[in-house]
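Enquirer: Shown below is the structure under consideration.
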Amino acid sequence: MDSTLIWARDIQDGYVQGRITEIGSTEYEVQPLNSKLPKRNCMPEDIFPSCELPSDHDDNCELLFLNEATLLDNIRNRYYKDKIYTYVAHILIAVNPYKEINGLYSQETLKRYSGRSIGELPPHVYAIADKAIRDMRVLKMSQSIIVSGESGAGKTESTKYLLKFLCDTSAAAGPIEQKILDANPILEAFGNAKTTRNNNSSRFGKFIEVHYDRRCQVVGGHISHYLLEKSRICTQSPDERNYHVFYLLCAGAPPALREKLGLTRPDDYRYLAGCTQYFTRPQTEARVPEAYKSRVHQTKGPLRDPVLDDFEDFRQLDEALGRLGLSETERVQIYSLVAAVLHLGNIRFEENPEDTKGGCRITNDSEASLIVTARLIGLDASELRQALMSRVMTSKGGGVKGTVIMVLLKVHEANNARDALAKALYSKLFDHIVRLINQNIPFQASSYYIGVLDIAGFEYFTVNSFEQFCINYCNEKLQKFFNDNILAAEQVLYAREGLNVREIKYTDNQDIIDLIEAKANGIFNLLDEESKLPRPSYSHFTSEVHSAWNGHYRLSLPRASRLKTHRSLRDDEGFLIRHFAGAVCYNTNQFIEKNNDALHASLEGLVQESENALLNALFSAGKPGSPPNVGKLSFISVGSKFKSQLSELLEKLRNNGTNFIRCIKPNNRMTDHSFEGGLALAQLKYSGTNSVLELMEYGYPSRVPFTELYNMYSNYLPPELARLQPRTFCEAMLHSLQLNSNDFKFGITKVFFRPGKFVEFDRIMRSDPENLKSIVAKVKRWMVRSRWTKSIRATLCAIKIKNRIIYRNKCIVLLQKTIRGYLVRKQHLVRLRGIGKVKAIEANLSKMHNIAGQLRSADRDNMQERIRTVQTLIEQAIAMIRANPNISGATIDQQYDNIMRRFDEDMKLINVKLQEQRNAEEQERLNKIKQALEAEQRRKEEEERRQREEEETRKKKAEMEARRKEEELRRIRQEDEDRKAALALQAQLEKEAQEDIQYRQQLEQERRDHELAVRLAQESNGQVEESPPSLRNGTPEVTPLGNANRLIRSEAIRAQQQLVEKQKHDLSKWKYSELRDAINTSCDIELLEACRHEFHRRLKVYHAWKAKNRKRTTMNENERAPRSVMEAAARSPPLLSPRQEIVSVGSVHRYFRIPFVRPANAGAANEE
239 MDSTLIWARD IQDGYVQGRI TEIGSTEYEV QPLNSKLPKR NCMPEDIFPS CELPSDHDDN
299 CELLFLNEAT LLDNIRNRYY KDKIYTYVAH ILIAVNPYKE INGLYSQETL KRYSGRSIGE
359 LPPHVYAIAD KAIRDMRVLK MSQSIIVSGE SGAGKTESTK YLLKFLCDTS AAAGPIEQKI
419 LDANPILEAF GNAKTTRNNN SSRFGKFIEV HYDRRCQVVG GHISHYLLEK SRICTQSPDE
479 RNYHVFYLLC AGAPPALREK LGLTRPDDYR YLAGCTQYFT RPQTEARVPE AYKSRVHQTK
539 GPLRDPVLDD FEDFRQLDEA LGRLGLSETE RVQIYSLVAA VLHLGNIRFE ENPEDTKGGC
599 RITNDSEASL IVTARLIGLD ASELRQALMS RVMTSKGGGV KGTVIMVLLK VHEANNARDA
659 LAKALYSKLF DHIVRLINQN IPFQASSYYI GVLDIAGFEY FTVNSFEQFC INYCNEKLQK
719 FFNDNILAAE QVLYAREGLN VREIKYTDNQ DIIDLIEAKA NGIFNLLDEE SKLPRPSYSH
779 FTSEVHSAWN GHYRLSLPRA SRLKTHRSLR DDEGFLIRHF AGAVCYNTNQ FIEKNNDALH
839 ASLEGLVQES ENALLNALFS AGKPGSPPNV GKLSFISVGS KFKSQLSELL EKLRNNGTNF
899 IRCIKPNNRM TDHSFEGGLA LAQLKYSGTN SVLELMEYGY PSRVPFTELY NMYSNYLPPE
959 LARLQPRTFC EAMLHSLQLN SNDFKFGITK VFFRPGKFVE FDRIMRSDPE NLKSIVAKVK
1019 RWMVRSRWTK SIRATLCAIK IKNRIIYRNK CIVLLQKTIR GYLVRKQHLV RLRGIGKVKA
1079 IEANLSKMHN IAGQLRSADR DNMQERIRTV QTLIEQAIAM IRANPNISGA TIDQQYDNIM
1139 RRFDEDMKLI NVKLQEQRNA EEQERLNKIK QALEAEQRRK EEEERRQREE EETRKKKAEM
1199 EARRKEEELR RIRQEDEDRK AALALQAQLE KEAQEDIQYR QQLEQERRDH ELAVRLAQES
1259 NGQVEESPPS LRNGTPEVTP LGNANRLIRS EAIRAQQQLV EKQKHDLSKW KYSELRDAIN
1319 TSCDIELLEA CRHEFHRRLK VYHAWKAKNR KRTTMNENER APRSVMEAAA RSPPLLSPRQ
1379 EIVSVGSVHR YFRIPFVRPA NAGAANEE
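Each residue of the sequence shown is one higher than the last, beginning at 239 in our numbering.
Now the structure itself:
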């Protein structure tokens, strides 16, 4: 295949060099030049052309092929040659070498770059600083230098060398410059820390302003800082250190100071648990006593870094603080607060078993740390103990307003309060140090300034919290600023100046910024609203974020992450944001705590009462006369404060000229001469360098107005050239120097140069006088040639005008011919179209004739006559149109409408008659079918009727037979039951009658005995005793003498009445007729049974009464005739045998179906 060298994408190296061996339908097969690498298939967009020779260009815009592969290769080649700086137009790319390069930042190098344009010398950070100074001097406006990159890319070192150049360009630094330079070691000690990616990582952002007067002399400086990482004070990841100042104190503090601060080894402090080793050099390692070193340091040895040495850095820190004007006492106060933070972290809490309210107490082994902490910050130990274990709240309702309530803290709440105090102490101290630096830098009247912005680059870790969220938000804003000022503004300028430059597409990240900072439902605003709630919850905050931005492309759930660790988070534990540099998953469980860094009222009030003057000043600064706690609803969150600071910073950057330095981290191991292409390529992409390179491929980064260019060289020009207009001068100079026409472009107000070409032009213009004479001669020749060329062009223009007149004459003739033809066609077009329309009807007449042939003979002849009439009308219309040339279109349309109306009528008539004929035939056929169906239906109905009658007759016979058998069986059962009931009743009545006779005989005997006793008593004048109670059924009963014939109830009757009284239904008030109707009609079994018992009871009472009051005759109560009549009837046989032998008493009652059987002892009992 093709032997041309290409670059193919590679995951590890970014791009590898190779050749295309096969071209597929969608992918190309590439064979790398390195035989150790296997073949690969690449998409066409992942393949770029390559140069044959290794590239080594100061400016990447000089590459033969401008693409991200050649950009990466050029940076890599220069990096291995210790050329760590490269340009992309006026943007400097700086690769961290992780070692010292001899002479790179020496004083001689600084002087050599002073006053030199970009491109004259190799790329350097000094060149960017000098460009900023020259732009400030020429353009009369302030400048900014933005240093950006990942942690460990070298931003801090680049910032130091920028400040060194800005403050010392010609001689030794003066007092102002020295104090600005002294700020660096102080800020690094208090704001930098070791991370896994960078030994000297800045954990805050800073914007350092160097102010100048109108003579461009340094007159002052100012430092603004942003977003100190407070969480690092209390916790660090493994192998990461806390801020350098803690280790500087432990390693380099003199013994007297150590004793005063109570310092020991780093591993004795919980806040230094991440890493306890010092940074030392071999010569200082021996100067640190073994008692000062941690056990890990003694075992593994010290940490090494070219610029860090904890022992020596403490001395430099102390000297720098002294040069800022701090006395020994003031420095000791600062060190005391730093040590107090360490001792405060060693205070531990445990549950208090003696406290019933769930409070805590300080452990016994933490008492010493408490005492030392209280001494260092000037507080009473008992008051500090109380403030750490409890908090004071003021009631606002539910009682006396303003009542002070003390709330005991749990162990985790006390730990949070302790950590919050440590963070507040350190952050306030850091603010104070920055304020001291600004106050001690002399400041005079300033005209301009150059600001250096050093802020953390895009960050992404396995666990990303609020700090990473704020840092990445800042980088989004800076990337938006970069897009607007470098990419968008550049293209707008090209369009305004009339340059035909290809438009460059870039990703606009405004939607991400709106997602974070929108006023209505931005993430910062939702976080502040959640923090104001009485019980804020990170899960509720996360759910609100997902709900407010549901469906937004830039925001997703953690499960959308490609990292398995992030996918394990629940939906309410985090969110994923697709930043311009890549997707980052944020864990929100500490967002609320980190967004609100205020102390509770007890601690803040206690600290403000401290005897330590520095501490008292720190917590009372900016709060004269204000209460210590203003409440949740009016607090200023960390996010809101950072957002306002960032807005102010961007406003400054927009008003200034801007220069960019992109720092690149070559590897993650922090070793020299190791370049990971994939890592570097990713940093180049999300820093926007690739987009700038693409823009520079078609753009012109150097530009200057015509007037300024003329004024720059007016002193070098002879009089004949000095009289020219600025634009004419620029055209004459550039064309006469025989520069490539692709190297410059003329706009409306400016001339634009390709990268490096303006330097070449400037070098020619500032050459020796002899060379200038030859340039003047060339300019004169170009001007003569230009005038001659203009004359020739004028002649050619006159010839072109003559030819254009001849051409236009021919065009006019052609136009006339066309118009005449159009008018003729317009006059007769109506008649032609009319004849065509009328003839079109004839085609339809043949179809009508065929349809009419389907009719019967009478109708067919009539319709054919009508068709011939229409044919005659058509012929007449055609003849009239042909004969009359002036006929109008309306007349033709009228004739056509008349024919079509007649045609439609005939066609409709034919269709009607044809339809009637078809309907008649169809009706006749349907009638025949109907008659046949009706006959069949009648036959079937007759058959079905006959079958139904037979079936009904059969069913009636079966039912009659069944009823007869059932009646017979019922009659037989009834006769048996009546017979048994009659026998039982007869026996019962006979027994009762016998018992009644005996009872009456006893009563009669007792009456006689009583009468006899009375007579005897009368005769003997004695007293008569009452007779003993008579016995009936074996039960003694007392009967009053005055009612000897009264019936006495038996125990059976009483039992039966009690049983009736216990029943469910009370029927004592029912009438006889109601009982009868209920028995015959009720379906309720219980009611029916109760009615039956009640009726029997009443019947028994009635029979007893009847028996008592019956007439004394020789007839029995059950006899229907005298006994003599009955005996005579018995002797003579009956003529007809009765159906039943004995008729029960109950059968005479025709109104009841239930036989009433009298109980066996009913006849013997009498009602009272």
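By construction, the Cβ of each residue, glycine as well, lies at the ideal position given by its N, Cα and C atoms.
Could you tell me if Ala479 is buried or exposed, where buried requires 16 or more neighbouring beta carbons within 10 angstroms of its beta carbon?
Expert: Sequence index remark: in the sequence shown, residue 479 carries index 241 (1-based). Inspection of the sequence shows that residue 479 is occupied by Arg rather than by Ala. It is buried - the Cβ of Arg479 has at least 16 other Cβ atoms within 10 Å.
Enquirer: For Thr927, count neighbouring C-beta atoms within 10 Å of its own C-beta (all shown protein chains included) and say buried if the count is 16 or more, exposed if not.
Expert: Your numbering for residue 927 matches position 689 in the sequence shown. Under this definition Thr927 is a buried residue.
Enquirer: Relative to the C-alpha of Asp477, which candidate in Gly458, Thr433, Ser469, Tyr450 has its C-alpha closest?
Expert: Looking up residue 477 in the sequence shown gives position 239. Comparing Cα positions, the closest option is Thr433.
Enquirer: Could you check the C-alpha separation between Ile322 and Leu304 for me, to the nearest Å?
Expert: In the sequence shown, residue 322 corresponds to position 84, counting from 1. In the sequence shown, residue 304 corresponds to position 66, counting from 1. Taking the straight line joining both Cα atoms gives about 20 Å.
Enquirer: Are at least three pairs of beta-carbons, each pair with one atom in the region 588 to 599 and one in the region 516 to 535, less than 8 Å apart?
Expert: Touching, no.
Enquirer: For Leu580 and Tyr485, which I take to be in contact (beta-carbon distance under 8 Å), what is that distance rounded to the nearest angstrom?
Expert: In the sequence shown, counting from the first residue as 1, residue 580 sits at position 342. In the sequence shown, counting from the first residue as 1, residue 485 sits at position 247. Between Tyr485 and Leu580 the Cβ distance is about 11 Å, and since that is not below 8 Å, they are no contact.
Enquirer: Is DSSP giving Asp692 helix, strand or coil here?
Expert: Taking the first residue of the sequence shown as position 1, residue 692 is located at position 454. Three-state DSSP puts Asp692 in a strand.
Enquirer: Rank Thr308, Arg1184, Arg314 by C-alpha distance to the C-alpha of Asp910 and give the top, closest one.
Expert: On the sequence shown, position 672 is the one that residue 910 refers to. It is Arg314 whose Cα lies nearest to the Cα of Asp910.
Enquirer: Pull the bridge partners of Thr324 from the DSSP assignment, please.
Expert: As a first step, residue 324 is located in the sequence shown; it is residue number 86 there, counting from the start. DSSP, once it has assigned bridges, lists Ile331 as partnering Thr324.
Enquirer: Grouping DSSP H, G and I as helix and E and B as strand, with all else coil, what is Trp1020?
Expert: Here residue 1020 corresponds to residue number 782 of the sequence shown, with the count starting at 1. Of the three classes helix, strand and coil, the one that applies to Trp1020 here is helix, per DSSP.
Enquirer: Apply the 10 Å Cβ neighbour rule to Trp787 and answer buried if 16 or more other Cβ atoms are within range, or exposed otherwise.
Expert: Here the question's residue 787 lines up with position 549 in the sequence shown. Per the 10 Å Cβ criterion, buried.
Enquirer: If you draw a straight line from the C-alpha of Gln883 to the C-alpha of Tyr464, how long is it?
Expert: Position 645 of the sequence shown, counting from 1, holds the residue named residue 883. Position 226 of the sequence shown, counting from 1, holds the residue named residue 464. The alpha-carbon atoms of Gln883 and Tyr464 are separated by roughly 7 Å.
Enquirer: Return the chain-ordered list of same chain residues with a C-beta closer than 8 Å to the C-beta of Asp294, the five sequence neighbours on each side being excluded.
Expert: If you number the sequence shown from 1, residue 294 lands on position 56. Contacts found: Asn312, Asn315, Arg316, Lys319, Lys321.
Enquirer: Return helix, strand or coil for His911, following the three-state DSSP convention.
Expert: Mapped onto the sequence shown, residue 911 falls at position 673. Of the three classes helix, strand and coil, the one that applies to His911 here is coil, per DSSP.
Enquirer: For Pro504, does the three-state DSSP call read helix, strand or coil?
Expert: As a working note, residue 504 is residue 266 in the sequence shown. Residue state, collapsed to three classes: helix.
Enquirer: Terminal residues of the continuous beta strand (DSSP E) containing Phe681?
Expert: Here residue 681 refers to the residue found at position 443 when the sequence shown is read from its first residue. Premise fails: Phe681 is in no beta strand (DSSP E) and is neither H nor E.
Enquirer: Under 8 Å by Cβ, that's how I've got Ile1119 and Ile1130 pegged, so tell me the actual separation to the nearest angstrom.
Expert: By one-based count along the sequence shown, residue 1119 stands at place 881. By one-based count along the sequence shown, residue 1130 stands at place 892. Right, their Cβ atoms sit about 6 Å apart.
Enquirer: Closest to Phe720 by C-alpha separation, out of Leu1093, Phe818, Ser799, would be which residue?
Expert: Taking the sequence shown and counting its residues from 1, the one referred to as residue 720 is at position 482. Minimum Cα distance to Phe720 is reached at Phe818.
Enquirer: For Val448, which of helix, strand or coil comes out of DSSP?
Expert: Here the question's residue 448 lines up with position 210 in the sequence shown. Val448: strand per DSSP, three-state reduction.
Enquirer: What is the residue span of the alpha helix (DSSP H) that Lys398 lies within?
Expert: By one-based count along the sequence shown, residue 398 stands at place 160. Unbroken alpha helix (DSSP H) run through Lys398: 393 to 405.
Enquirer: Is the separation between the beta-carbon of Ile671 and that of Phe857 shorter than 8 Å?
Expert: In the sequence shown, the residue the question calls residue 671 occupies position 433. In the sequence shown, the residue the question calls residue 857 occupies position 619. Not a contact, by the Cβ cut-off of 8 Å.
Enquirer: What would DSSP say about Ala558, mapped onto helix, strand or coil?
Expert: As a position in the sequence shown, residue 558 is number 320, starting the count at 1. DSSP places Ala558 in helix when its eight states are reduced to three.
Enquirer: Taking only three categories from DSSP, how would you classify Ala836?
Expert: The residue given as residue 836 occupies position 598 in the sequence shown. In this structure, Ala836 counts as coil in the three-state DSSP scheme.
Enquirer: Taking the C-alpha atoms as reference points, what is the distance between Ile751 and Ala920?
Expert: What you label residue 751 is simply residue 513 of the sequence shown in a count that begins at 1. What you label residue 920 is simply residue 682 of the sequence shown in a count that begins at 1. Roughly 22 Å separates the two Cα atoms.
Enquirer: Less than 8 Å between C-beta atoms, sequence neighbours within five positions excluded: which residues of the same chain meet that for Leu844?
Expert: Taking the sequence shown and counting its residues from 1, one reaches residue 844 at position 606. Leu617, Glu621, Leu622, Ala625, listed in sequence order.
Enquirer: Does DSSP classify Pro866 as helix, strand or coil?
Expert: Numbered from its first residue, the sequence shown carries residue 866 at position 628. Because Pro866 carries a pLDDT of 46, less than 50, the predicted location of this residue cannot be relied on, and the following value inherits that uncertainty. Coil.
Enquirer: If you measure between the beta carbons of Ser799 and Arg792, is that distance less than 8 Å?
Expert: The sequence position of residue 799 within the sequence shown is 561, counting from 1. The sequence position of residue 792 within the sequence shown is 554, counting from 1. Against a cut-off of 8 Å, the Cβ pair of Arg792 and Ser799 comes out as no contact.
Enquirer: Just how far apart, CA to CA, sit Leu608 and Ala619?
Expert: In the sequence shown, residue 608 corresponds to position 370, counting from 1. In the sequence shown, residue 619 corresponds to position 381, counting from 1. Cα to Cα, the separation comes out at about 7 Å.
Enquirer: Tell me, which residues are paired with Glu260 by DSSP?
Expert: Start at 1 with the first residue of the sequence shown, and residue 260 comes out as number 22. BP columns for Glu260 point to Glu267.
Enquirer: Should the region 416 to 426 be regarded as contacting the region 393 to 401, the criterion being three or more beta carbon pairs within less than 8 Å?
Expert: With the cut-off at 8 Å, the region 416 to 426 and the region 393 to 401 touch.
Enquirer: Do you know offhand how far Ile446's Cα is from Arg278's?
Expert: If you number the sequence shown from 1, residue 446 lands on position 208. If you number the sequence shown from 1, residue 278 lands on position 40. Looking at the two C-alpha atoms, the distance is approximately 49 Å.
Enquirer: Does DSSP classify Met281 as helix, strand or coil?
Expert: The residue you call residue 281 lines up with position 43 of the sequence shown. If DSSP states are grouped into helix, strand and coil, Met281 belongs with coil.
Enquirer: Tell me whether Tyr732 sits in a helix, a strand or coil according to DSSP, three-state version.
Expert: Within the sequence shown, the letter at position 494 stands for residue 732. In this structure, Tyr732 counts as helix in the three-state DSSP scheme.
Enquirer: Let me know the alpha helix (DSSP H) ranges lying completely inside the region 749 to 812, each 4 residues or longer, listed in chain order.
Expert: 761 to 769, 776 to 786, 802 to 805, all fully within the region 749 to 812.
Enquirer: What's the C-alpha gap between Thr1110 and Tyr1060?
Expert: Numbered from 1 along the sequence shown, position 872 holds the residue referred to as residue 1110. Numbered from 1 along the sequence shown, position 822 holds the residue referred to as residue 1060. Between Thr1110 and Tyr1060, the C-alpha separation is close to 34 Å.
Enquirer: Put Thr242 into one of helix, strand or coil per three-state DSSP.
Expert: Against the sequence shown, residue 242 aligns to sequence position 4. If DSSP states are grouped into helix, strand and coil, Thr242 belongs with coil.
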